[in-house]
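Okay, structure first, notes after.
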Amino acid sequence: MSALLSRLARKGEEEFFARLLELEKREYGLRYIPADAVGYAVVCPRYGALYAEEREVAVFARALMDRVKYAVLLRIADSKVVDSLVAKAASGDSGAARRLLDVGRGLTTSELQRAFDDLKRDFEHYSKAARGPPPHGSAEEAYHFYKYAEVLPYVGYADVWEDMVIYSIAGIADDYVYVFKYAGGGLQYETYKAMAAAEGDVAAKIWGRRRVKIHIQPRDAPPRLSWGEPKDPAPHYKALRRGECRRGPLCRICPWRGDCECFTK
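Counting from 1, position 218 in the sequence shown corresponds to residue 218 in the working numbering; the numbering is continuous, with no gaps.
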């Protein structure tokens, strides 16, 4: 990993990553969408599309940091050289920014599997740190993930569909992908399961796995585990692109409900 790139992300330097994303779009014509937006889209495509738009810079930043990390782990790139590119890009050097965007680009899933042992050790490190009572606020979900999820390599990788980079982060086992959902938002179990299954469809396509293991972790309750056979995620992507509203369980937590046709008609 580039220490400088990681530090910029921790400091919330959104403008830096937004500039890189705009360059990425000009060079490659791609937009970045998190796999959980695909999950939301199976319940309400409008919610999923608006959520994806709101999260695009953050998802791109995670995708960039991951591919830089993998390139360094696989010794395709040198961390000091990457840090130099980051520093120059942050100062406005467009050539350095273009070279930074190319670090790790094109790595295949078979190549990434060589880094699985390191990625599993990363998870074990953070899992040991998840001690004591869960924190309040946004850190609570990460706490539950590291404390209760299966110890697997967790890998971020994208399914590129038309101009959409669907970025999935999932646990990868020999014959299945693993999707963890923290049920802290007050939705019904079946809603969480439907969203997790859609995320699993994305991850299973990327990694060529025949099964999806879904872990729904409620607050202060035992986990609920289930298995599924993955489906082609393309229909989810089409629904997400259309972005049509669908009245249902997401309505009561939707931050965009004020101008939604479900409520204005």
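Virtual Cβ for every residue (Gly too), placed ideally from N, Cα, C.
{"Item": "Beta-ladder partner(s) of L225, from DSSP", "Value": "H215"}
{"Item": "Reduced DSSP category for G200 - H, G, I as helix; E, B as strand; rest coil", "Value": "helix"}
{"Item": "Local conformation of V270 per DSSP, three classes", "Value": "Given a span of 1 to 265 for the chain in the structure shown, any question on residue 270 remains unanswerable."}
{"Item": "For Y189 and R224, believed in contact at Cβ under 8 angstroms, the rounded distance", "Value": "6 angstroms"}
{"Item": "First and last residue of the uninterrupted alpha helix (DSSP H) at V82", "Value": "S79 to A90"}
{"Item": "Assumed close pair D71, L107 - CB separation to whole angstroms, cut-off 8 angstroms", "Value": "Note that residue 71 is Ala in the sequence shown, not Asp. About 7 angstroms; that satisfies the 8 angstroms criterion."}
{"Item": "Residues bridged to I172 (per DSSP)", "Value": "V177"}
{"Item": "Cα-Cα separation between K25 and R31, rounded to whole angstroms", "Value": "7 angstroms"}
{"Item": "Span separating the alpha-carbon of V86 from that of F16", "Value": "10 angstroms"}
{"Item": "8 angstroms contact criterion, which A35 and I166 should meet: CB distance rounded", "Value": "6 angstroms"}
{"Item": "Nonlocal neighbours in the same chain, by C-beta distance under 7 angstroms from P45, ignoring five residues either side", "Value": "A239, L240, R242, G243, E244 and R246"}
{"Item": "Distance, R257 Cα to S79 Cα", "Value": "45 angstroms"}
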